[in-house]
Each structure stands twice: as structure tokens, then as C-alpha cells.
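In this note's numbering, the protein residues as written are 136 to 646.
The beta carbon of each residue, even a glycine, is placed where N, CA and C say it ideally should be.
Nothing here was measured: the structure is a model prediction, and the numbers come from that model.
Please read the structure below before turning to the comments.
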Ligand SMILES: Nc1ncnc2c1ncn2[C@@H]1O[C@H](COP(=O)(O)OP(=O)(O)O)[C@@H](O)[C@H]1O
Ligand SMILES: [Mg+2]
């Protein structure tokens, strides 16, 4: 049971950065042994709140009491001494050190003990791992571990320091479903040991599964504190975004039948086989199926990054060979890849430079070299048009939230006005509000005559956005839904049951 003692009482917290009011008058109380979820869209101020309580940053105004004591301008060390620990998104582990060392190091430093006693290091580490009931080799190097296991190491490290309150900032972003399940179990286990957890997420299902209380933040303002038992996912979504989420369905108005992109019998051994598709102006063609169905590989082939073994590609009726992304871009093809962080954006560059990247060629063509005034104008336009939440166009992309990064990436492509735009699972891990906005952009592009291929695992997303759909399993096209079929009132159920049947078949094959 959650105790009645308050660990943290934060009142009227404001925090401003240059040009951004990250938090406005936010008051939050965290009780002993409770699981509180801080829910809100990307960029609403969740991480800022954590940093202030953890003493990493100071509030601009407001008061904080920790364990009953006034501690408003406290340091990170003060917070740690009060039993507050944070698992930051980057985990702050030492990649080249062992599991045991990473777990035990901070405790030994804090206690002023030598860092060389290998037996003591292992004893501390083993004890912490046992506490959460997982078995990870003590001698393994951090860099050999999965992200999920690294996270558990970071949790263990916090436990060695007698955490009474553990902040976890979007811990599930990079985890698979099974890993999420395991993590949520562990979080419940910590609660059973009377450790309070502040769990930060914008994924409603996770929040609903573990929270005792939920505090919703929107745009730096607290919307409210809720008892988890008295709120449902739909209400929560509404409080987070301030709007009812009801996606606009897309219908193609364009009468043009001519093909923008045609793929005939394209095959790449081990990736996909005998794929044919036809994309017209104004089409949003959905590619769905199961993970590993070959959709990403097919997209890469169209974008010149995965040479097919056989088959043909036509762009506006002309047969083409696409050897690399440059060829694809010259043909008017754009791709927002699945792994936006590693393949799509230049994270350490500014929004301006990212938007400019796709149109550099065009600007060069005009001017001989890059016209920085022109690129800045385009970036400003993109920020406005896509409601990217930044101070200005020189903001570095890695400091943006996932939803805003994705919008920056889409903006970058939109600026180059591709004719054919492929988006690979563009809304994975993105908050509801940004998701709705991305749908709006995709549909607007198509209405203006772009041809779009939307790869997605989410049937809801496919049904809202696509006027035609191809379902792939194991590299093969198993079904194509026509425009007429997409209008059928039970289309969502039809596609769902087809995809479910593919899952079952896959399992039978595997066993
Ligand atoms: N160091 C910083 N400098 C300038 N702006 C920042 C900084 N850190 C965060 N922000 C801005 O403050 C707002 C809240 O950010 P953040 O707390 O990271 O949101 P969340 O964690 O909810 O996604 C965002 O608009 C973000 O761009
Ligand atoms: Mg954050």
C-alpha cells in the first residue's frame, strides 16, 4: 500500500529556457511507495520536471520539499542523499566496464570505499540483481547487453544507493513488447518494496497498467491529478492532447489514372518475392502485414538502398534503374525510414540544416553554392507549417522530442516536394497529438497530388489514411484491397483478421 508520507512536494514550479516556458505553475506531490505516472505529449515538460526534482537543474520559481524539508535550490548530490534516483533516457552507464562495476561503482564512491575490491563489487552487484530477480552475468561488458538489460543495470545501480524514489524517464521507448512486460513487472516489484516510482510515458496502455496515480501535463501546465482507477485511456488521451482523437479518413479525389510509380515482379532473395504495385497521383497506398514481412526492404529497394535481384521499376511510365538514394531523389522519390534516429535525421545538426539537407541540391542548382538565406526561410516556413515546437530554426534536432523530430524529418522531405513519398512506420513511439498531425500532413500531400506509400503495423492508421492497401507476409503479397473494398464499413475488422491469420500461420510454420 502507498504510505501517507510525502516524499516530494513541489509547488508552483516554473521553468523557462531561452524562448521556451517549459513548465508553468506545476504542483505535484509524490507519496511514499506509489507508482505515479507523469503523462503528456512529447515536449510538454516531463523531463524538465524530473531534472528539477533531481537537482540537475534549478526551477526558475516555485518551492520543493523533499522528505519534509525545504530544498528548493538543491543539488543533484542533495537529491541522491534524500534517496532520489533517476534513470535517464541515456542511462549513463560505462560501456567498457563490467555489469558488476557499473552497478557497484556509485555506492562505493559514495561510501568512500576502494574501487578495487572485486569480491565486494560483485557482492553488491549480485545483491542488487537478486533484488529485482534477474540474472545477468556479472562479468559481461555493458556494451554487449541489450538496451533492456542495460536499463535493468541502471535500476540496480539506483537500488544500491538506497533509492526511495525512482524516476524512470520514458524507459520503454526502445523495448520490445516482452521487455516492456518484464520491466513493468519489476516496477511493480519495486513498489512492493515501498519504493516510489515516477514512471514517465506517453503510451497509454503502459500507464494504465501500472499507475496508482496519474498526473497529466500539457504544454508545461498541469492538467490534473487523477486516480488511475477513475480514468480511462480515452479520457487520458483527451487530457494529454486537449482534443478528441478521431482521425480523418482519406479518400482520393484525383481522377488521374496514370501511374507515378509502378513496381513489376520485384524480387530480392530472402527479403521479398514477386512484388507488383502501382501508385497513382493522390494514392495513399498502405503496406501492412507482419514485422519482417519484407516491407522495409522493399522500400529500401525503391529508394536505391537495396538492389533487387529481378523485376522492374517504372517512374511515370519510364523504366528506371535506381542505384542509390541520389538517383531516387532525382526521380522525385522521398523516404522517411523506420529508424529515424539512425537513418533519417542529422541529430547533431539544427532544424535549419536538416530541412535544408533534402533541398541542398536544388538550392545549389540555383545559386552555385548554398544560399543560406533561402535555406533559413524554408526552415522557418517548415517550422511554422508543421508546428515544430522549437525556439528557432537553429535548435539542434537531438534536443527535440520524438514527435517533433519526426515532423522535422517530414518537413525536410516536404520542402523538396517529392512526387513519390514513402513513409516507413512514421508514427511508432510518437504521441497522439503529433500522430494526428502527421496524418493530416500525409493526407494533405496526397490531396495535392503526391503518391504516398505508408508502411504501418497499425490497422487503425492504415484504415484512416489509405485508399488502397497491400498486405504482405513473409516477403509475399497476400492480398490487395481495392479502393472500393476500403470503403466497406467493416474494413478494419477484415484487415485485422487477415493479419491475425498471418500471425497464427507464422507460429505454426515456426514450430
Ligand atoms: N536545455 C534546454 N534548452 C532549451 N529548451 C529546452 C531545454 N530542455 C528542454 N527544452 C524545451 O522545453 C520543453 C519541454 O521539454 P521536455 O521537458 O524535455 O519535454 P518532455 O520530456 O515532456 O518531452 C520543450 O519545448 C523543449 O524543447
Ligand atoms: Mg522527455
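Report the rounded CA-to-CA distance for residue i versus residue j, giving the unit in angstroms.
i	j	result
residue 612	residue 400	11 Å
residue 606	residue 329	48 Å
residue 378	residue 370	10 Å
residue 596	residue 211	42 Å
residue 413	residue 282	39 Å
residue 428	residue 638	11 Å
residue 168	residue 621	49 Å
residue 652	residue 276	One cannot answer for residue 652 here, as it falls past the ends of the chain, which runs 136 to 646.
residue 321	residue 602	43 Å
residue 398	residue 373	41 Å
residue 189	residue 590	40 Å
residue 155	residue 394	46 Å
residue 435	residue 425	17 Å
residue 583	residue 551	14 Å
residue 201	residue 231	35 Å
residue 623	residue 598	11 Å
residue 267	residue 592	33 Å
residue 382	residue 574	8 Å
residue 446	residue 224	44 Å
residue 193	residue 208	6 Å
residue 290	residue 610	39 Å
residue 546	residue 244	47 Å
residue 472	residue 578	18 Å
If you drop the 5 nearest sequence neighbours on each side, which residues of the same chain put their C-beta closer than 8 Å to that of residue i?
i	result
residue 357	160, 161, 162, 163, 350 and 351
residue 315	307 and 341
residue 594	423, 627, 630, 631 and 634
residue 671	The question about residue 671 has no answer, for the chain in this structure spans 136 to 646.
residue 438	457, 460, 463, 468, 470 and 557
residue 147	160, 161, 162, 196, 197 and 198
residue 442	403, 436 and 458
Could you have a look at residue i and say whether DSSP puts it in helix, strand or coil?
i	result
residue 234	helix
residue 193	coil
residue 162	strand
residue 291	helix
residue 540	helix
residue 574	helix
residue 338	coil
residue 649	Given a span of 136 to 646 for the chain in the structure shown, any question on residue 649 remains unanswerable.
residue 156	strand
residue 261	helix
residue 266	helix
residue 445	strand
residue 672	Because residue 672 is not part of the residues shown, which for the chain are 136 to 646, the question remains open.
residue 591	coil
residue 563	coil
residue 344	helix
residue 201	strand
residue 629	helix
Looking only at its own chain, which residues have a Cβ that is under 7 Å from the Cβ of residue i, when we skip the five neighbours before and after it?
i	result
residue 259	238, 239, 242 and 295
residue 195	149, 150 and 151
residue 170	322, 326, 332, 334, 345, 346 and 347
residue 554	395, 467, 585 and 586
Just curious, the beta strand (DSSP E) that residue i is in, first and last residue?
i	result
residue 174	170-174
residue 303	300-304
residue 375	Element bounds for residue 375: not the beta strand (DSSP E) but the alpha helix (DSSP H), 368-376.
residue 399	394-403
residue 350	348-353
residue 612	611-616
residue 277	Element bounds for residue 277: n/a, residue is neither H nor E.
residue 186	Note, residue 186: premise wrong, no beta strand (DSSP E); alpha helix (DSSP H) at 181-188.
For the alpha helix (DSSP H) holding residue i, just list the boundary residues, first then last.
i	result
residue 362	Segment 356-362 is the beta strand (DSSP E) holding residue 362; no alpha helix (DSSP H) there.
residue 319	312-327
residue 430	430-437
residue 607	Note, residue 607: premise wrong, no alpha helix (DSSP H); beta strand (DSSP E) at 603-608.
residue 212	211-216
residue 552	From DSSP, residue 552 is part of no alpha helix (DSSP H); its letter is neither H nor E.
Under 6 Å Cβ to Cβ from residue i, same chain only, skipping five residues before and after it: list those, please.
i	result
residue 444	402, 403 and 404
residue 138	Any reading at residue 138 must be qualified, since the residue scores a pLDDT of 47, below 50, and its modelled position is unreliable; the value itself is stated next. The residues are 167 and 168.
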